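K.L.:
Take this structure first; my questions come after.
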Amino acid sequence: MKALRIEGLGIRHDGRAMLRDVCLEVAEGESLCLIGASGGGKSLIAAAVAGLLPGCMEATGWIGLGPHRLRAADQRGLRALWHSRTCLLPQEPAQALAPLLPALSQLRLTPPWLDRAGALGWLARLGLDSRAAARLPFQLSGGMAQRLLAALVLRGQAPLLLADEPTKGLDPARRAELLALFATLRAEGRALLLITHDLAVPQALGGQIAVLEEGRIAECGPAESVLAAPRSAFARACVAADPRLWPARAPAAGGEEVARAEALAIGRGGRALAGPLDFSLHAGRMTALLGPSGIGKTTLGDTLLALAPPAAGRLCWLGRPLDTRLRQSLRTRFQKLHQDPTRVFPRQRPLGESLADLARLRPGTAPALPPLLERLGISPALLRRPPEAVSGGEAQRVALARLLALRPALLVADEPCSRLDPPTRRAALHLLRGLADAEGLGVLLITHDAAAARALADATLCLGPPGGGMAREG
Amino acid sequence: MGLSLARLLAARLAQAGLVALVVATLCFAALQALPGDLALRVAAARFGEDRVSAAMVEALRAEAGLDRPVLLQYGAWLADLARGRFGRSLVTGQPVLAEVAPRLGLTLRVGALGLLAALLLALPAGLAAGRRPGGWLDRGVAALAALLASAPSFALGGVLVVLLSVRLRWLPVAGDATPWHLVLPVVTLAAALAPGLARVARHGMAEAHGAYATQFARMRGVAPWRIGLRVVARPALVPVVAYLPVLAMQVTEGFIAIEMLFNLDGIGQLLIRSLMARDLPVVAALGLAFALLLGAATLLAELSLRAMDPRLRAGGATA
Chain F
11 MKALRIEGLG IRHDGRAMLR DVCLEVAEGE SLCLIGASGG GKSLIAAAVA
61 GLLPGCMEAT GWIGLGPHRL RAADQRGLRA LWHSRTCLLP QEPAQALAPL
111 LPALSQLRLT PPWLDRAGAL GWLARLGLDS RAAARLPFQL SGGMAQRLLA
161 ALVLRGQAPL LLADEPTKGL DPARRAELLA LFATLRAEGR ALLLITHDLA
211 VPQALGGQIA VLEEGRIAEC GPAESVLAAP RSAFARACVA ADPRLWPARA
261 PAAGGEEVAR AEALAIGRGG RALAGPLDFS LHAGRMTALL GPSGIGKTTL
311 GDTLLALAPP AAGRLCWLGR PLDTRLRQSL RTRFQKLHQD PTRVFPRQRP
361 LGESLADLAR LRPGTAPALP PLLERLGISP ALLRRPPEAV SGGEAQRVAL
411 ARLLALRPAL LVADEPCSRL DPPTRRAALH LLRGLADAEG LGVLLITHDA
461 AAARALADAT LCLGPPGGGM AREG
Chain Y
1158 MGLSLARLLA ARLAQAGLVA LVVATLCFAA LQALPGDLAL RVAAARFGED
1208 RVSAAMVEAL RAEAGLDRPV LLQYGAWLAD LARGRFGRSL VTGQPVLAEV
1258 APRLGLTLRV GALGLLAALL LALPAGLAAG RRPGGWLDRG VAALAALLAS
1308 APSFALGGVL VVLLSVRLRW LPVAGDATPW HLVLPVVTLA AALAPGLARV
1358 ARHGMAEAHG AYATQFARMR GVAPWRIGLR VVARPALVPV VAYLPVLAMQ
1408 VTEGFIAIEM LFNLDGIGQL LIRSLMARDL PVVAALGLAF ALLLGAATLL
1458 AELSLRAMDP RLRAGGATA
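Residue numbers (our numbering), protein chains in the order written: chain F, 11 to 484; chain Y, 1158 to 1476.
So, in structure tokens, the structure goes:
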């Protein structure tokens, strides 16, 4: 019996077809990875199966879940099958765990009833000891929260598990942990539908793969054969965008020094994270910052931008020691490109209006904008839309245009591409690289993608745990 | 970096002391700065407007030390306050504490009952509304809250008196002779407090109920009543507790109008009377009492919040 059978699913929004005639099947003990362009509607498939389609969307077609067969439009009926047939794995553990309930209580909340010792046993199976069991979610590390989530899902009975971008923002070690967990779930007879733009997921898990292109399933088959010989345009572009295939380049010579750390130690909330660190960033060079999740990469970036105070040591901007005066006068030239570009713009306000605000911040930037927008491939029509109505890649370029109009000396890009599909990611990273070369921009690229860092960066910093190798340059 | 409990208490006590000093100074300065002769106003209140003579005013001025330089008066008065001496009312000659204490009891009773009634009224309504944002209940509660919030206490209280006391003769008009006398003041006060409280409870509930954690618990098959109790309740009530000091402030503002309207002899009326008569010792003592009550409410809310949400203890925002 198939755990999931999607027959002729179509989704329309505002009279426009988002999905057309999608047919997919997943048997128990099997996995299906669905890949597609960012903003191409692949998340809608998972939402439709889970009964979480927004009310403004019209669905047609049928969804079969084990012995049940429902109209896709019957979203309420699909929600009634939560727990017994379906479970949607959350993207962010931080949001999925009840914020004020200890780990053990969260587990015991899930039926059927479990005594304390039994619950501790469950957590121990996933590597959470009794100390961790007593903690609240915010006291758990990212990896522990992920494992707690896994325990919660494992306790559930649903034969079909849906996951939307499960590996987003994970470092390689935690991604491997999660993929191992998926393999375990599959081996226990669960069916998995994974929506992802991370080709490492089907590469590691195998199983089936389906490619969504312009609202249709363009290609479907065993992961090995599709990845080896992709037929659809998107799959070919994804395979070609693998950073391991990017041509190597000679390191840039680099210009003047834009920022220097001298015995710099970083900390957050009074807790020392890393240090002392000694390194410098130069104009026209791209430096990659690698390291496991939670090690303090974002904090180091914020410290370099004077958005967070250093725990110890000294920081220089453009060769001068940083003080309040210097920070104020150079503030607009030290900028950050955020992880989620759709959230750096005020909601429901056309992007063009947010860009126009720049002229007030720094007079004289307005004339520089049109050529900049043209170079970044931003059409005027895009600027009339609010941030929630553009794709992640588009928002990323508008955010970049806003930063570049301020003529920055240093740009800290904090995992700028973790939400973009592989072809868009390649375009965005090469754009950053091109800006470093053409504009003499100093770029610090915070990333988990070691292959991309190797291909594009002139230098690499690896942030390790305190006491170990702090940072090495290579 | 989280504050330890001891450091929090020490910091709040120091703040309370500072606030008390500022309030006392402001009371003193305000009464001095008001136009007109202070001694004349006090004498008029003590002996009656018609019977005051210049000799009586001068005698009172000498007796109360109002002829000394202002800074000297301020210093002597602060020194007395620091030793816990509030002095005597310039008008009645009674010790200030004897004037304030019995009236404070009445005011606190009305205030506490009003707060309780507002909680009983607004909390269930707000929480129920927040379960379905945009639903008919949510819109109804929002409309009712907007209506109540835009009706000032004196107007609403007046309408209630005309309707329930004068027309229907169900309840007494004014005074505090029996518990029945307190019904209308309590209802009027609760009506002033309820709208804000209902909105805060509604937002807290909407956020907690709409959170992904709630949906994920439903997806795991957790029973709805367990979700309500274990997953939703605490996060939903955190903003309500944080709002309590604001309510306490509304209570202090509210009972001044309410005591005038229903002729309750509480500290609201006493404050108005003392202000008219420039009775500095009484005004200052009342100012201090308000400041300390509000400080206590804030501290209580803060301690409750730390117990409810340990994230606040750890220093608040986590990424």
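Don't be surprised by glycine CBs; every beta carbon is placed ideally from N, CA and C.
It should be emphasised that the depicted structure is a prediction, and the values quoted were computed from it without experimental measurement.
Can you pull the chain F neighbours of proline 1467(Y), defined as C-beta to C-beta under 9 Å?
P.N.:
Leu110, Leu146, Phe148 and Gln149, listed in chain order.
K.L.:
With 9 Å set as the bound, which would you pick, yes or no: does the beta-carbon of histidine 292(F) sit closer than that to a beta-carbon of chain Y?
P.N.:
By this cut-off, histidine 292(F) is not an interface position.
K.L.:
Quick check: what's the CA-CA separation for alanine 1274(Y) versus arginine 1326(Y)?
P.N.:
Cα to Cα, the separation comes out at about 22 Å.
K.L.:
Curious, which full-length beta strand (DSSP E) runs of at least 3 residues does the region 309 to 358 of chain F contain?
P.N.:
Counting only runs of 3 or more, we get 322 to 327 and 344 to 347.
K.L.:
Using 9 Å as the threshold, is the C-beta distance between cysteine 7(F) and leucine 300(F) below it?
P.N.:
Residue coverage of chain F in this structure runs from 11 to 484, which leaves residue 7(F) outside it and unanswerable.
K.L.:
With which residues is threonine 297(F) paired in a DSSP beta bridge?
P.N.:
Answer is Leu454(F) and Ala469(F).
K.L.:
Does DSSP put glutamine 1372(Y) in a helix, a strand or coil?
P.N.:
In this structure, glutamine 1372(Y) counts as helix in the three-state DSSP scheme.
K.L.:
The beta strand (DSSP E) spanning tryptophan 72(F) covers which residue range?
P.N.:
Segment 67 to 75, the beta strand (DSSP E) holding tryptophan 72(F).
K.L.:
Within 9 Å of any Cβ in chain Y, is that where the Cβ of histidine 23(F) sits?
P.N.:
Cβ-Cβ to chain Y under 9 Å: no for histidine 23(F).
K.L.:
How about threonine 352(F): is its C-beta nearer than 9 Å to some C-beta of chain Y?
P.N.:
Answer no: the Cβ-Cβ gap between threonine 352(F) and chain Y never drops below 9 Å.
K.L.:
What does DSSP give as the partner residue(s) for isoleucine 16(F) in the beta ladder?
P.N.:
Its beta-bridge partners are Leu34(F) and Ile73(F).
K.L.:
Buried or exposed for alanine 481(F), going by 16 or more other Cβ atoms inside 10 Å?
P.N.:
The predicted position of alanine 481(F) is uncertain, since its pLDDT is 48 and thus under 50; a value taken from the coordinates is nonetheless stated next. Under this definition alanine 481(F) is a buried residue.
K.L.:
Can you say whether tryptophan 1293(Y) is buried or exposed, counting buried as having 16 or more other CB atoms within 10 angstroms of its CB?
P.N.:
So tryptophan 1293(Y) counts as exposed.
K.L.:
With a threshold of 8 Å on Cβ separation, who are the neighbours of glycine 323(F) within its own chain once the five nearest residues in sequence on each side are excluded?
P.N.:
Excluding positions up to five away in sequence, the list reads Ala271, Glu272, Ala273, Leu274, Ala275, Gly285, Pro286 and Leu287.
K.L.:
Taking 9 Å as the CB-CB cut-off, is histidine 78(F) touching chain Y?
P.N.:
Chain Y contact via Cβ: absent.
K.L.:
What's the C-alpha gap between glutamate 267(F) and alanine 293(F)?
P.N.:
Going by the C-alpha atoms only, they are around 6 Å apart.
K.L.:
Start and end of the alpha helix (DSSP H) containing valine 1318(Y)?
P.N.:
Taken as a continuous stretch (DSSP letters only), valine 1318(Y) belongs to no alpha helix (DSSP H), as it is neither H nor E.
K.L.:
Using the C-alpha atoms, what's the distance from isoleucine 388(F) back to proline 396(F)?
P.N.:
Roughly 14 Å between the two C-alpha positions.
K.L.:
Extract the residue ranges of the alpha helix (DSSP H) inside the region 1192 to 1225 of chain Y, only unbroken runs of 4 or more that lie entirely within it.
P.N.:
Runs found: 1195 to 1204 and 1211 to 1220.
K.L.:
What do you reckon, are the CB atoms on arginine 218(F) and alanine 233(F) nearer than 9 Å?
P.N.:
For the record, residue 218(F) in the displayed sequence is glutamine; it is not arginine. Cβ distance < 9 Å, so glutamine 218(F) and alanine 233(F) count as in contact.
K.L.:
Residues of chain Y with CB closer than 7 Å to the CB of leucine 107(F), please, in chain order.
P.N.:
What leucine 107(F) touches in chain Y: Ala1370.
K.L.:
Identify, in the order they occur along the chain, each residue of the same chain with its Cβ nearer than 7 Å to the Cβ of valine 1388(Y), setting aside the five sequence neighbours on each side.
P.N.:
Closer than 7 Å at the Cβ level, and outside the excluded window around valine 1388(Y), lie Ala1370, Thr1371 and Ala1374.
K.L.:
Cβ closer than 9 Å: which chain Y residues qualify as neighbours of cysteine 472(F)?
P.N.:
Chain Y residues near cysteine 472(F): none, gap ~22 Å exceeds 9 Å.
K.L.:
Kindly list, in the order they appear in chain Y, the residues whose Cβ is closer than 7 Å to that of leucine 119(F).
P.N.:
Per Cβ cutoff of 7 Å: Ala1374, Val1379, Arg1383 and Arg1387.
K.L.:
Compare the C-beta of glutamine 358(F) with all C-beta atoms of chain Y and state if any pair is closer than 9 Å.
P.N.:
By this cut-off, glutamine 358(F) is not an interface position.
K.L.:
Taking 9 Å as the cut-off, decide whether the C-beta atoms of leucine 420(F) and phenylalanine 355(F) are in contact.
P.N.:
For leucine 420(F) and phenylalanine 355(F), no; Cβs fall outside 9 Å.
K.L.:
Fully enclosed by the region 200 to 271 of chain F, which alpha helix (DSSP H) runs are 4 residues long or longer?
P.N.:
As far as the region 200 to 271 of chain F is concerned, its whole alpha helix (DSSP H) runs of at least 4 residues are 210 to 215, 233 to 238 and 243 to 250.
K.L.:
What three-state label does DSSP hand tryptophan 1327(Y) in the structure shown?
P.N.:
Coil at tryptophan 1327(Y), not helix or strand.
K.L.:
Give a yes or no on whether the minimum CB-CB distance between tryptophan 92(F) and chain Y is below 9 Å.
P.N.:
So yes, tryptophan 92(F) belongs to the interface.
K.L.:
Any beta carbon of chain Y sitting closer than 9 Å to that of leucine 19(F)?
P.N.:
It does not; no Cβ of chain Y falls within 9 Å.
K.L.:
Assign glycine 25(F) to buried or exposed, taking buried as 16 or more other Cβ atoms, counted over all protein chains shown, within 10 Å of its Cβ.
P.N.:
Glycine 25(F) comes out exposed.
K.L.:
For alanine 467(F), would you say it is in contact with chain Y, using Cβ-to-Cβ distances shorter than 9 Å as the test?
P.N.:
No, because no Cβ of chain Y sits closer than 9 Å to the Cβ of alanine 467(F).
K.L.:
Can you tell me where the alpha helix (DSSP H) with glycine 1287(Y) in it begins and where it stops?
P.N.:
Start and end: 1253 to 1288.
K.L.:
With a 10 Å radius around its C-beta and 16 neighbouring C-beta atoms as the bar for buried, classify cysteine 66(F) as buried or exposed.
P.N.:
Answer is exposed; the Cβ neighbour count stays below 16.
K.L.:
So with CB distances below 7 Å, who are the chain F contacts of proline 1392(Y)?
P.N.:
Here the neighbours are Pro109 and Leu110.
K.L.:
In this structure, how does DSSP classify leucine 130(F) when only helix, strand and coil are distinguished?
P.N.:
Of the three classes helix, strand and coil, the one that applies to leucine 130(F) here is helix, per DSSP.
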